[in-house]
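So in full-length UniProt numbering the end of the sequence shown lands on 565, straight run, no missing numbers.
We treat Cβ as the ideally placed atom computed from N, Cα and C, and that holds for glycine.
Structure record follows, encoded as structure tokens.
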Amino acid sequence: MVGVVSRLMKRYETVNGVVGGLESVGNVTKAQTFLLLLRIYWRGGMYELVFEAFDQMGHCGFTPNTFARNVIVDVLFKVGRADVALKVFKETPLPNFLTFNIVLCNLSKIKDFVGIGDAVRRMLRMGYYPNPGTFEGVLNCFCKLGRLAEAYQVLGIMTTLGISMSVNIWTIIVDGFCRLHRTADASSLVKKMKRTGCFPNIVTYTTLIKAYLEAQLFSDASSVLSIIESEGHSPDRVLYNVLIDSLAKIGRYDKALSIFLSLDKQNIYPDSYTFSSLLNVICLSKMFFLLPKLVDGFFVEADLVACNSLLNYLSKAGFPSLALELYDEMLDKGLMPDKYSVLGVLTGLCGSRRIDEAVHLYNGILLNHTGVDAHIHTVIIDGLIKAGKCHSAIRVFRKTLLEENSLDVVSFTVGIRGLLMVSRHTEALNLYNHMKEVGINPNGHICNLMLFNFCKERNLESVEQMLQEMIDLRIEMSCNNFVRLCNAICRSSYNSRLVIYLLIEMRDLGLLPAKLACKILVHKPPKVVNVFEKHHELLNGCIEYGLFGYTSGSEEYTDVSASVG
1 MVGVVSRLMK RYETVNGVVG GLESVGNVTK AQTFLLLLRI YWRGGMYELV
51 FEAFDQMGHC GFTPNTFARN VIVDVLFKVG RADVALKVFK ETPLPNFLTF
101 NIVLCNLSKI KDFVGIGDAV RRMLRMGYYP NPGTFEGVLN CFCKLGRLAE
151 AYQVLGIMTT LGISMSVNIW TIIVDGFCRL HRTADASSLV KKMKRTGCFP
201 NIVTYTTLIK AYLEAQLFSD ASSVLSIIES EGHSPDRVLY NVLIDSLAKI
251 GRYDKALSIF LSLDKQNIYP DSYTFSSLLN VICLSKMFFL LPKLVDGFFV
301 EADLVACNSL LNYLSKAGFP SLALELYDEM LDKGLMPDKY SVLGVLTGLC
351 GSRRIDEAVH LYNGILLNHT GVDAHIHTVI IDGLIKAGKC HSAIRVFRKT
401 LLEENSLDVV SFTVGIRGLL MVSRHTEALN LYNHMKEVGI NPNGHICNLM
451 LFNFCKERNL ESVEQMLQEM IDLRIEMSCN NFVRLCNAIC RSSYNSRLVI
501 YLLIEMRDLG LLPAKLACKI LVHKPPKVVN VFEKHHELLN GCIEYGLFGY
551 TSGSEEYTDV SASVG
């Protein structure tokens with residue numbers, strides 16, 4: 001039915017059009033017509049049409065029943081409007097079991113324990129009871145949030161209703177204790193579980209082993225592995241993934257690698273999670289020489305996330321050629337790269353100064369893809385600047401700007417930095433103003449970058465404007481800029497009263513650097529400073545950092561560069 005209705009929508013475009021089409025062939029529009037459409041749209045994931053059908057139902061004079069409202073509640077949760085879903089739920093005059101089940105399942109997924117409590121109480125008052133599956137979802141939510149008191153209240157309700165404790169429920173409670181690092185209680189619960197005649201499965205034991213390893217209780221973890229073997233359970237891929245990941249996190253890299261190498265003997269094939277965990281092992285242990293070996297046979301069950309992780313690690317570890325080979329292999333295997341794939345390769349090529357190859361890849365991306373992400377533009381522009389090709393970087397930036405491609409504040413920061421590095425100060429200021437005109441708010445890096453430039457030029461009038469913007473945006477001044485500004489004040493003939501007042505305001509707002517020195521800035525007014533005596537006292541009280549030291553002009557550019565890389 002979903003396919004049939006999809007074809008009808010292509011023909012009639014709207015729900016009203018579909019209803020009109022049905023009427024044209026003799027169908028009488030009834031409430032059941034809309035209920036059927038709601039059910040089909042709901043099951044087919046066509047959520048916009050669900051809302052349209054619900055509204056059209058009211059326009060045609062039909063009052064939506066409980067089923068229709070249930071559908072709306074579920075769809076509202078699925079599109080991220082939990083607040084509206086709960087409002088519709090509370091306004092439903094005659095909620096049924098399905099109503100409560102939908103609400104509880106969705107609240108459990110978004111971990112809204114307050115909403116769960118309210119829904120359960122209302123459900124019980126109306127004489128409805130959750131089924132075992134819903135109880136499991138609620139328990140899982142409480143345990144993942146570490147709210148074991150509420151979890152035990154739910155268990156009490158289940159016991160009162162005569163619902164038996166399944167192995168899944170026991171495992172959920174064990175996991176709750178493990179998440180709180182209460183391994184002794186979790187172990188006791190497993191023993192109690194056995195005494196009641198409900199025996200743990202491989203999932204239960206995996207949960208316990210993970211907790212033991214995180215607590216570095218290696219002998220206990222080893223004992224559980226022995227129990228698994230003695231009880232005849234077959235270790236699965238999830239268990240091995242947990243072992244590799246947990247051992248890596250506690251620094252047992254050799255052991256994690258040996259477990260990975262033993263997978264073949266166990267006839268267990270690694271998945272993307274296995275490879276991601278192994279990548280973590282290699283990078284934490286700094287055994288980057290193993291990365292090329294990992295690339296071989298990587299596509300056993302690799303997905304896009306795993307490939308992107310490997311691309312990222314290869315680039316950071318200095319293997320851009322391997323990253324490029326993996327990228328090409330992804331294309332050959334039909335695994336379509338996304339923006340993270342491209343970013344991984346571009347970052348590696350730019351980082352190794354293979355800028356021509358990076359530009360070639362970038363141009364290919366522009367030709368074959370639309371709506372290229374701002375980060376991709378930023379990486380190539382930053383790479384060109386670091387390679388000393390500032391003018392090329394500016395051309396790329398301007399081309400991107402003219403073509404109205406997506407750019408963010410980091411992109412503008414990098415572009416402005418490139419202009420300043422080749423002394424194109426007016427263009428940098430114009431670009432800064434353009435960024436604000438298109439609705440992008442400056443961040444701390446770009447404000448401090450512009451302030452650095454104004455201080456360097458001793459343009460205190462522009463400094464005043466920038467300080468006011470930083471106050472309005474609540475942006476803190478960098479330590480280096482604070483030094484430069486004080487030097488600029490003392491060496492300028494400009495009347496700096498307003499600058500000093502703005503500094504005092506920034507101090508009161510906590511926007512001056514927190515790094516204090518032991519000296520007072522000014523003991524007596526410098527002769528070169530055009531500061532009235534009454535303002536000297538303000539300056540003396542405002543700036544207590546012991547400054548006037550020389551700072552290198554390249555530091556601010558380096559700070560911004562680091563923020564991009």
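Own chain residues within Cβ distance below 8 Å of Asn481, not counting five before or after: By the criterion of a C-beta distance shorter than 8 Å, Asn481 is surrounded in its chain by Asn448, Leu451, Phe452, Cys455, Glu556, once the five residues flanking it on both sides are discounted.
Beta-carbon separation (whole angstroms), Tyr212 vs Thr183, contact threshold 8 Å: Your pair Tyr212 and Thr183 checks out as a contact, with CB atoms roughly 6 Å apart and the cut at 8 Å.
Val281 vs Tyr253 beta-carbon contact at 7 Å: In this structure, Val281 places its C-beta atom within 7 Å of the C-beta atom of Tyr253.
Inter-residue Cα distance where the pair is Thr558 and Val305: Since pLDDT at Thr558 reaches only 46, below the 50 mark, its modelled position is unreliable, and no value is offered.
Cβ separation of Ala323 and Gly351, assumed to be a contact under 8 Å, to the nearest whole Å: Incorrect: roughly 10 Å between the Cβ atoms, too far for contact.
Any non-hydrogen atom of the ligand ATP closer than 6 Å to Lys316 Cβ: The model on display carries no ligand, and the ligand ATP is accordingly not part of it.
Where the alpha helix (DSSP H) containing Tyr129 begins and where it ends: Taken as a continuous stretch (DSSP letters only), Tyr129 belongs to no alpha helix (DSSP H), as it is neither H nor E.
Beta-carbon gap between Glu464 and Val499 smaller than 7 Å: Taking 7 Å as the Cβ cut-off, Glu464 and Val499 qualify as a contacting pair.
Pair within 7 Å by beta-carbon distance, Lys245 and Thr207: Rather than Lys, the amino acid found at residue 245 in this sequence is Asp. Their beta carbons are not under 7 Å apart, which means Asp245 does not touch Thr207 by this criterion.
Pro93 (DSSP reduced to helix, strand or coil): DSSP places Pro93 in coil when its eight states are reduced to three.
Whether Ser285 touches Asn241 by CB criterion (7 Å): 7 Å or more divides the Cβ of Ser285 from the Cβ of Asn241.
Euclidean distance between Cα positions of Asp328 and Ala215: Spanning the alpha carbons of Asp328 and Ala215 requires a straight line of approximately 42 Å.
C-beta contact flag for Asn308 and Ser341 at 7 Å: Yes; because the gap between Cβ atoms is below 7 Å, this pair is in contact.
Proximity winner among Ser478, Leu509, Leu384, Leu467, relative to Ser496 (alpha-carbon distances): Per the Cα distances, Leu467.
Proximal residues to Leu311 (C-beta, below 7 Å), its chain only, five neighbours per side dropped: Closer than 7 Å at the Cβ level, and outside the excluded window around Leu311, lie Ala323, Leu326, Tyr327, Ser341, Gly344, Val345.
Expected contact under 8 Å - CB spacing of residue 591 and Val79 to nearest Å: Because residue 591 is not part of the residues shown, which for the chain are 1 to 565, the question remains open.
Val414 and Ile446 closer than 7 Å at C-beta: Taking 7 Å as the cut-off, the beta carbon of Val414 is found no closer than this to the beta carbon of Ile446.
Cβ-based neighbour list, Leu384, same chain, cut-off 6 Å, excluding 5 preceding and 5 following: The answer, listed in chain order, is Ser392, Ala393.
Simplified DSSP state of Thr196, which is helix, strand or coil: Here Thr196 sits in coil by DSSP.
Top-ranked residue by Cα proximity to Cys143, from Asp112, Asp408, Asn131, Met126: That would be Asp112, whose Cα lies nearest to the Cα of Cys143.
The region 261 to 276 touching the region 222 to 232, judged by at least three CB pairs closer than 8 Å: Of all C-beta pairs linking the region 261 to 276 to the region 222 to 232, fewer than three are shorter than 8 Å, placing the two stretches out of contact.
Touching by the beta-carbon criterion (3+ pairs, under 8 Å), the region 122 to 140 and the region 151 to 170: Short answer: they touch.
Proximity winner among Leu38, Val410, Arg398, relative to Glu427 (alpha-carbon distances): Of the candidates Leu38, Val410, Arg398, Arg398 places its Cα closest to the Cα of Glu427.
Three-state secondary structure assigned by DSSP to Glu325: DSSP, reduced to helix, strand and coil, places Glu325 within a helical segment of the structure shown.
Residue span of the alpha helix (DSSP H) that contains Phe319, given as start and end: From DSSP, Phe319 is part of no alpha helix (DSSP H); its letter is neither H nor E.
Residues of its chain near Thr378, where Cβ-Cβ distance is below 6 Å and the 5 sequence neighbours each way are ignored: Cβ contact annotation for Thr378 (same chain, cutoff 6 Å, sequence separation greater than five): Val410, Ser411, Val414, in chain order.
Whole-Å CB distance - Thr29 paired with Thr66, under 8 Å assumed: Not confirmed; about 21 Å, so no contact.
Minimum C-alpha distance to Leu474 - residue among Pro442, Ser108, Leu331: Looking at the sequence itself, residue 474 is Arg, so the reference to Leu does not match. Nearest of Pro442, Ser108, Leu331 to Arg474, Cα basis: Pro442.
Three-state secondary structure (DSSP) of Gln32: If DSSP states are grouped into helix, strand and coil, Gln32 belongs with the helices.
CA-to-CA distance, Thr400 to Ala374, given in whole angstroms: Near 10 Å, if we compare the C-alpha coordinates of Thr400 and Ala374.
Backbone secondary structure at Val79 - three-state DSSP: Secondary structure of Val79 (DSSP, three-state): coil.
Classification of Arg125 by the beta-carbon crowding that lies within 10 angstroms, buried from 16 upward: Under this definition Arg125 is an exposed residue.
Cβ-based neighbour list, Leu98, same chain, cut-off 7 Å, excluding 5 preceding and 5 following: Around Leu98: Asn70.
Proximity to Ile116 [Cα-Cα], best of Asn140, Leu94, Thr63: Check the Cα spacing between Ile116 and each of Asn140, Leu94, Thr63: the tightest is with Asn140.
CA-to-CA distance, Leu279 to Val438, given in whole angstroms: Roughly 41 Å between the two C-alpha positions.
Inter-residue Cα distance where the pair is Arg424 and Gly510: In this structure, the straight-line span from the alpha carbon of Arg424 to that of Gly510 is close to 33 Å.
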